[in-house]
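Chemist:
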Amino acid sequence: MSSSTEALAPIAIPRSNHFDRERWLTGAAVLLVVLLLVVIVALPVGALVGQSFYDRAGSFVGLTNFARYFESPALVQSAFNSVLLAVISAVLCTAIAYVYAYGLTLSCMPAKGLLRAVALMPLLAPSLLPAISLIYLFGNQGLFKGLLGDLSIYGPLGIVLGSVFWTLPHALLILTTAMATSDGRLYEAAQTLGASRWRIFRTVTLPSSRYGLIVAAMVVFVLVITDFGVPKVVGGQTGVLATDIYKQVVGQQNFQMGAVVGLVLLIPAVLSFLVERRVRRKQAAALSARATPYQPEPVKSRDRALLVFCTLTAIAIVVMIGMAVFASLASYWPYKLTPSLKNYDFSNMDGGGWGSYGNSLRLALCAAVAGALATFVSAYFVEKPRHFGLLRELLNLLANLPLAVPGLVLGVGYIFFFNSAANPLHGLYGGMAILVICTVAHFFSVAHLTSLTALRQLDREYELVSESMGVPFWRTLWRVHLPVALPTVLNVAGYFFVNAMTTVSAVVFLYSPQTTLAAIAVLNMDDAGDVAPAAAMASLIMLTAAVGRGLFALAGHWALKRTQAWRQR
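Going letter by letter, the sequence shown gives residues 1 to 569 in the UniProt record's numbering.
1) Around the C-beta of phenylalanine 346, are 16 or more other C-beta atoms found within 10 angstroms, so that it is buried, or is it exposed?
2) Is the segment 41 to 55 touching the segment 400 to 416, taking contact as three or more C-beta pairs under 8 Å?
3) Looking at the structure shown, is serine 288 part of a helix, part of a strand, or coil, going by DSSP?
4) According to the Cβ coordinates, are alanine 86 and valine 215 closer than 7 Å?
5) Only counting the same chain, and skipping five residues up and downstream in sequence, which positions put a Cβ closer than 7 Å to that of glycine 229?
6) Rounded to a whole number of angstroms, what is the C-alpha to C-alpha distance between glycine 371 and alanine 493?
7) With DSSP run on the structure shown, which of helix, strand or coil describes proline 126?
8) Out of curiosity, what's the CA-to-CA distance linking leucine 408 and leucine 397?
9) For proline 110 versus asparagine 343, is the C-beta spacing smaller than 7 Å?
10) Would you say alanine 518 and methionine 537 are within 7 Å of each other, going by their C-beta atoms?
11) What does the alpha-carbon distance come out to for the pair glycine 251 and leucine 307?
12) Using 7 Å as the threshold, is the C-beta distance between valine 160 and serine 272 below it?
13) Quick one: what's got a C-beta closer than 6 Å to alanine 195's C-beta in the same chain, skipping five residues either side?
14) According to DSSP, simplified to helix, strand and coil, what is proline 14?
15) Report back the beta-carbon spacing between valine 249 and phenylalanine 70 to the nearest angstrom; my notes put them in contact at under 8 Å.
16) Any idea if leucine 32 is buried or exposed, counting beta-carbon neighbours within 10 angstroms, 16 or more meaning buried?
17) Between the segment 537 to 548 and the segment 316 to 332, do at least 3 Cβ pairs fall closer than 8 Å?
18) So, helix, strand or coil for alanine 528, using DSSP?
19) Assuming glutamine 141 contacts proline 334 (C-beta within less than 8 Å), just tell me the rounded distance between them.
20) Given threonine 94, which residues of its chain have a CB within under 7 Å of its CB, disregarding the five upstream and five downstream residues?
21) Are there three or more Cβ pairs, one per stretch, closer than 8 Å when the segment 72 to 79 is compared with the segment 439 to 455?
22) Please say whether alanine 364 and residue 570 have beta carbons closer to each other than 7 Å?
23) If you check the beta carbons only, do proline 169 and proline 231 fall under 7 Å apart?
24) Look at serine 451 and phenylalanine 376 and say whether their C-beta atoms are less than 7 Å apart.
25) For the beta strand (DSSP E) holding lysine 336, just list the boundary residues, first then last.
26) Less than 7 Å between the beta carbons of proline 118 and alanine 324, yes or no?
27) If I'm right that leucine 410 touches cysteine 438 with Cβ under 8 Å, what's the distance once you round it to whole angstroms?
28) My output table needs one value for serine 133: the three-state DSSP class, helix, strand or coil.
29) Are alanine 546 and leucine 124 closer than 7 Å when you measure CB to CB?
30) Would you decide whether alanine 9 is buried or exposed? Buried here means 16 or more other CB atoms lie within 10 Å of its CB.
31) Give me the residue from Val436, Ala422, Leu428, Val489 with the minimum Cα distance to alanine 454.
32) What first and last residue would you give for the alpha helix (DSSP H) that runs through alanine 399?
33) Taking methionine 349 and aspartate 527 to be in contact with their CB atoms under 8 Å, please state how far apart those CB atoms are, rounded to whole angstroms.
34) The alpha helix (DSSP H) that contains alanine 367, what's its start and end?
35) Let's see if you can read the secondary structure: which residues bound the beta strand (DSSP E) around serine 52?
36) How is serine 331 classed by DSSP in three states: helix, strand or coil?
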């Protein structure tokens, strides 16, 4: 017995040292990711908050800038306009998305796959595209200008229509998810009791999807109130917070007042984020483990009505997208409509030419790779280690922080933080690297949560077995977690690619003449009066985003077959 103990003793000491080393390496890795998120998210936002208390000379003035803001009728009116237009857009968009989602999930109408695909198409387009389409449809030389009568598309009407178009897919995704989890037992019970379809809708469908409704409305509200593209193109003389920040920072070089406007814009975004988080928790708590999927039965009158509504909505989406494409191919609008590629000769237009498109491709590819890896690593260190609980909670908090920070606010914060001469990272300012970092930070949260969901599907037994065998955590990460989560990682990369191609809000403050982006070129060409070339670039962005997303989806499908084949056995 003693000889056996002596034989095992030399092994026990190294294993203890191994576990200690593993623990501290894990802690160091978690701390490193926390510091990274502090630098790319928390400190820029903190720099923006700090600058709002200083004047242009760098002297501390306390709340003086805020007093000046609220004494300015134009700025206060912009805040009112932003909230009002965001509320109107949220109500309209959520109502349309709710009926559309009802048709896709709780009816037996035909062509669901096609209608769903069409409704999600705006995800691939920059928010500038619907604004440009509205100009060609209802502008001064628009095809249907007469339909508006005395109304003008340049103002609140244009902002609301453009905002509803590009936010519809976001609301639709939330509502279809909410309705897909409806408990079939409730419908069966209601039908057994002889309830009418209208009563079933009021007492079962609406209550079961109310959280999805609230979340969708909040998401649309935040997207609209923080959007820069639509009000910049068709806003006319209607001031909103997003364009006010641009005017203060770019137009007047008044960075301190830009910081104040950014903080005002941050307030509704943070409040909406907190409400959304609370609602999501209630929704998760409301789901029952005994729930059964609801299988809708055909009802001709309902299905036909929903088909008509969804078809008309899909036609409106196709018209908006098709109008931009058609205008980009017209030789000279509206006098010579024969197809021509003249508007795609970006070398003769303002905005940076084909170089801007090339920069966007570089940004999208770099953001796809860096964002997918960074969010996977952050999700891994939140979910898998068994130690450093408080540090991991802090990591998860920082990873979710970008959800509450609008892109415009983050972009202004990057100016204050990275443009400071005292910052050792000052050399990044004005280059492609800062655009990649800002884009990854801006869209970090959704990708982090997606990766976290994928990793939570893996049992903790993998880590326990690895520890018992003395396998380093990074080897388990490389050989087990990454291969299993690879399809999700590739889909996340596609998410970053599309958003990097289409984003305007955060990067509009950070580009230099050498790093002009395609979406910024659309903005600049529209400002210069080159609306047709702007439509051409917006169409090219959408096509590129669609191709890129499709390639990443194919790669994800290939990875799923290669790495998940064992699940089918």
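Built from N, CA and C at the ideal position, the CB exists for glycine as well.
Modeler: Reading it off the structure:
1) buried
2) yes
3) Confidence at serine 288 is low in this model, with a pLDDT of 49, below 50, so the placement of that residue is unreliable and no value is reported for it.
4) no
5) Pro126, Ser127, Leu128, Ala131, Val504
6) 7 Å
7) coil
8) 21 Å
9) no
10) yes
11) 48 Å
12) no
13) none
14) The predicted model places proline 14 with a pLDDT of 48, which falls under 50 and marks its position as unreliable; any figure quoted below should be read in that light. Of the three classes helix, strand and coil, the one that applies to proline 14 here is helix, per DSSP.
15) That belief does not hold up - the Cβ atoms of valine 249 and phenylalanine 70 are roughly 19 Å apart, past 8 Å.
16) exposed
17) yes
18) coil
19) 5 Å
20) Ala171, Leu213, Ala216, Ala217, Val220
21) no
22) Shown here, the chain extends from 1 to 569; a query on residue 570 therefore has no answer.
23) no
24) yes
25) 336 to 339
26) Before going further, note that residue 118 is valine rather than proline in the sequence given. No; because the gap between Cβ atoms is not below 7 Å, this pair is not in contact.
27) 7 Å
28) helix
29) yes
30) In this prediction, alanine 9 has a pLDDT of 41, which is less than 50 and means its spatial position is unreliable; what the coordinates show is noted afterwards. Alanine 9 should be labelled exposed.
31) Val489
32) 389 to 400
33) Between aspartate 527 and methionine 349 the Cβ distance is about 12 Å, and since that is not below 8 Å, they are no contact.
34) 353 to 383
35) Segment: none, serine 52 is in no beta strand (DSSP E) and carries neither H nor E.
36) strand
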